[in-house]
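Here's the structure we're looking at; comments come further down.
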Amino acid sequence: MRDWIEDNLLGKVEKPLRYQGNEMNAVHKDWDSTTLRMVFAFPDVYEIGMSHLGLSILYHQANEEPDCLMERVFAPWVDMEGMMRENNIPLFSLESCRPVKDFHGMAFTLQYEMSYSNILNMLDLAGIPLRWWERSDDDPLIFMGGPCAYNPEPLADFADVILIGEGEEMNLEFYQVWADHLRAHGGKMNKKELLDEVVNIPGVYVPRFYDVTYDEAGRVTAVTPNHPDAPRTIVKRFLKHMDNAFFPEKPIVPYLDVIHDRAMLEVQRGCTRGCRFCQAGMLYRPVREKTVGELEEQARNILCNTGHNDLSLTSLSTSDYTSVDILLRSLIAEMAPRNISVSLPSLRVDNFSMNLANEMQKLKKTGLTFAPEAGTQRLRDVINKGVLEANLESVARMAFSSGWSKIKLYFMMGLPTETDEDLDGIAALAYKVIQIGDEIRRENGGKGPSPQVTVSVSGFVPKPFTPFEFEPQVRGEELRRRQRYLRDKIKHKRVTYHYHDSQVSYIEAIFAKGDRRLGQVLYRAWEKGCKFDGWGEYFYMDWWMEAFEECGLDPEFYAYRQIPYDEVLPWDHISCGVRKDYLIREHQKAMRAETTIDCRTGQCHACGACQDLDVKLDLKGGWLRVNTNAVPQD
Amino acid sequence: MSHLDLMHTWERVIRRSQLPLGFSQGFNPHPKMNFASACAVGTTSDGEYMDIELTRDMPLEEVKEALDRAMPPAFEVTQMKVVEGKVPSLMSIMERASYRLRLEFVDDVTQQQLDAAMEEFFKREEITVFRYKKNSKDKKPVNIRPGVFEIRMEAEGKYAVLHILVQTGNDFNVRPEEVAYGLMSAGMPAVLNVVRIHRNGLYLLDKKGNLITPLDVV
């Protein structure tokens, strides 16, 4: 099959390397000598999927198990899909170029809601019936995990199994039960029996083992197990410590220029800054750091095995890693002579981070990006983003003085309680930064490029398991008015204003907080041709709206409703450790514009993670310094 | 694979091999590697050449071993030689490229049809093909005839294998698929699909006009 595809299809598609595999460090295991054969399916194109650390961890971990094999498949781009359908080529894996249907299992990662239509499309391209009840024992078992799996309800019709939480330990337990099952059944699956077995693994959620009831208004009234072994609440799995956690030291090196074309090293998991819009900050609690020694060792090995010239220290907020300065200095000292740069993916708006940035980029002065998220102090307090205007000013001053000329500022629009005054604040901040840049340039005698600011604004999407899960999304027409309002406020030729599409974020909001009934909508939308919804050019709002209408469901019910605290949420039977009463407390504080300090300072707010789960904050460098936000006196 | 992807791949191979790769000076140090010629996306090749500069002398066998250990599947170093002192860049000395293409026709073709097209092709002084201008939808006409030196074709039902020797280098470059288009303008039946393009090798000319490789020069 590979030869035929290479001869007849790959010559005609954009970026044929997306479909070719055979990269350095890709794992090619012997098909016949493994018991359990799975394919990791990333519901987006190769370049995005291959930039995803989770894929790398789970792929290499599965392949280290002697009786497991895991290959990869990505969503073929529209050109390739057309040719595959025309020539009856089923979705095939990259490693062995086998039809996906030949595997025992297909693992989808749920990274963003707007990739759901691609999941359906990939199943269809593979020739696998979409809904679980249409599939036979000969079809692969469809399992899913990742951040969006915490509210997996819109995918309940399509998944056999959902894995809740961090995969490193849970997946191995799941594979073991599955492999034993295959051995006991001569290599075949009896899915009913298999599900009866895996439902006993903590973190495993089998959607069909639960019945959902609704009231006449369409609100969920109860989610009740209908299987004797199905737990009432599925609690996320997590690693107690990140020390000695599996981490791939021989990751695949793509031939193609992928989005993050660099070595990635996870320094810690979790973030407790407590930004109230941020789902990841709630899902991955508490913070667990790796030791400097282990990270140095892993960095060395990864660079040696990949040949990358850039090492990125990743996590939700790497500048919070308690030993970040020690780690950075030691890595830079070791890597700089070999012309390897070390970078942090995101920076906080404070001087400490700014010093780190200077440290990292002694040579290259490309753009710097900061995320104040909101334009006024009041709104930043509402969302608990601990950034003061003075922070931003002093950071901008440092950035321009150290040679940067382009600063990008990220904001969200449509945050709870937002008014036009907050939008004025966005424009004012951008102007302030330009003004600081101009002053510094004048002091330097007008040398170098003129300062430039890019204001990038995305629409706020309320997410489950955040204090804002109760909040409605701002209506589309009002959001568009606010976009225009801000656009008219920003009239400076060196301030660029970018806005992300509000229609996509409407569908995203619906699916983020959706219930099981959305499965029909998703199916209808896919039938109409929805796919690659995250890629503006393939997003068709009309198709989505038609799908809602045909299914008799009101999209506004999901996105635009203020939800009372005592309502049953579609995801209430799933727990990420953070308690609902903590989210309610945080929501109330938000409405009073009161902030909550990071618990890494030593002040516990009893969110539930360390109280209800057998895990504690694991900080290698002691409590986080609280004064990092202070403005220098000079 | 695009030329840029290929360059990145080689940089990583050399970094993995732990060889003491030389870097350019300046704010953005570049690895000192030079390629003879860029290969278009989708083209396979048996004959590519590159120079790499190391910061210290090393026995060739040691360099080869280190590279072999670090090479991804489907890449192979076949031969190496030491180049001393300053030499002109590989790109600037290349003159000829030979390719093998597989053509799929709309209908079955006969050897006579192909032979007639080849004869007509060489009879003419001008064979015009159209190239897209950079970053534009406009096309400009290009006469490829002076840059085509040899054509051989073998008919196989709906397919034909096409062997060509064309000019390459900084001054003028003929792309392999352009020869197929040129042949169509010289009366060859319509091609449905260029199935596979393979580069056999890149050459220089010696004083007598014979094809030699860069390794013959060193």
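Top to bottom, those sequences are chains A and B.
The opening residue of the first sequence carries number 40 in my numbering; numbering runs sequentially from there.
The opening residue of the second sequence carries number 113 in my numbering; numbering runs sequentially from there.
Cβ atoms here follow ideal geometry from the backbone N, Cα and C, with glycine treated the same way.
For clarity, every value in this text was computed on a predicted model and none was experimentally measured.
| Asked | Found |
| --- | --- |
| For the stretch 170 to 191 of chain B, enumerate the residues whose C-beta is nearer than 8 Å to any C-beta of chain A, in chain order. | 182, 184, 185, 186 |
| At the level of alpha carbons, what is the spacing between residue 573 (chain A) and residue 321 (chain B)? | 57 Å |
| Would a C-beta distance cut-off of 8 Å place residue 288 (chain B) and residue 226 (chain B) closer than the cut-off? | no |
| Looking at C-alpha atoms only, which residue of A:520, A:103, A:529, A:372 is the closest neighbour of residue 214 (chain A)? | A:103 |
| Note down, in chain order, every chain D residue with its Cβ under 9 Å from the Cβ of residue 121 (chain A). | No chain D is present in this structure, whose protein chains are A and B. |
| Residue 299 (chain A) versus chain B: which residues are under 7 Å apart at the beta carbon? | Result: empty, since nearest Cβ-Cβ is about 14 Å, beyond 7 Å. |
| If contact is defined by three or more beta carbon pairs under 8 Å, each pair taking one atom from either stretch, is the stretch 349 to 362 of chain A in contact with the stretch 295 to 305 of chain A? | yes |
| Less than 6 Å between C-beta atoms, sequence neighbours within five positions excluded: which residues of the same chain meet that for residue 324 (chain B)? | 316, 318 |
| Which of the three DSSP states, helix, strand or coil, is assigned to residue 291 (chain A)? | coil |
| For residue 63 (chain A), decide whether its Cβ has a neighbour in chain B, counting only Cβ atoms nearer than 8 Å. | yes |
| When the Cα atoms are used, what is the spatial distance from residue 132 (chain B) to residue 126 (chain B)? | 8 Å |
| For residue 269 (chain A) and residue 650 (chain A), I'd like the C-alpha separation in whole angstroms. | 24 Å |
| How would you list, in chain order, the residues of chain A whose beta-carbon sits under 9 Å from the beta-carbon of residue 306 (chain B)? | 50 |
| CB residue 140 (chain A) to CB residue 176 (chain A), shorter than 8 Å? | no |
| Report the residue ranges of all beta strand (DSSP E) runs contained in full by the stretch 238 to 312 of chain A; include only those spanning at least 3 residues, in chain order. | 249 to 253, 259 to 264, 302 to 305 |
| Comparing C-alpha positions only, which one of B:252, B:237, B:235 sits nearest to residue 243 (chain B)? | B:252 |
| Does DSSP put residue 203 (chain A) in a helix, a strand or coil? | coil |
| Taking 8 Å as the threshold (beta carbon to beta carbon), is residue 55 (chain A) in contact with chain B? | yes |
| Could you please tell me which residues of the stretch 351 to 378 of chain A, in chain order, have their CB closer than 9 Å to any CB of chain B? | 377, 378 |
| Name the one or two DSSP bridge partners that residue 254 (chain B) has. | B:241 |
| I'd like to check one pair, residue 149 (chain A) with residue 183 (chain A): are the Cβ atoms closer than 8 Å? | yes |
| Is DSSP giving residue 644 (chain A) helix, strand or coil here? | coil |
| What does a CB cutoff of less than 6 Å around residue 614 (chain A) pick up in its chain, not counting 5 residues either side in sequence? | 272, 274 |
| What does DSSP give as the partner residue(s) for residue 558 (chain A) in the beta ladder? | Residue 558 (chain A) is not bridged to any residue. |
| Please report the straight-line C-alpha distance between residue 636 (chain A) and residue 625 (chain A), rounded to a whole angstrom. | 11 Å |
| For the stretch 105 to 164 of chain A, list the beta strand (DSSP E) runs that are entirely contained and at least 3 residues long, ordered along the chain. | 107 to 113, 144 to 148 |
| Taking 8 Å as the threshold (beta carbon to beta carbon), is residue 406 (chain A) in contact with chain B? | no |
| Thinking C-alpha only, which one of A:101, A:93, A:40, A:646 is nearest residue 126 (chain A)? | A:40 |
| At 8 Å on the CB atoms, spell out the chain B contacts of residue 344 (chain A), in chain order. | 128 |
| Note down, in chain order, every chain B residue with its Cβ under 8 Å from the Cβ of residue 239 (chain A). | Simply none; closest approach about 41 Å. |
| Just verifying my parser: in three-state terms, what is the DSSP assignment at residue 285 (chain B)? | coil |
| In the DSSP assignment, find the beta strand (DSSP E) that holds residue 528 (chain A) and state where it starts and stops. | Residue 528 (chain A) -> not in any beta strand (DSSP E); alpha helix (DSSP H) instead, spanning 515 to 528. |
| Taking CB distances under 8 Å as the criterion, tell me whether residue 303 (chain B) reaches chain A. | no |
| Give every residue of the same chain whose Cβ lies closer than 6 Å to the Cβ of residue 157 (chain B), excluding the five residues on either side of it in the sequence, and list them in chain order. | 151, 311 |
| Taking CB distances under 8 Å as the criterion, tell me whether residue 284 (chain B) reaches chain A. | no |
| Looking at the C-beta of residue 99 (chain A), does it have a partner C-beta in chain B at a distance below 8 Å? | no |
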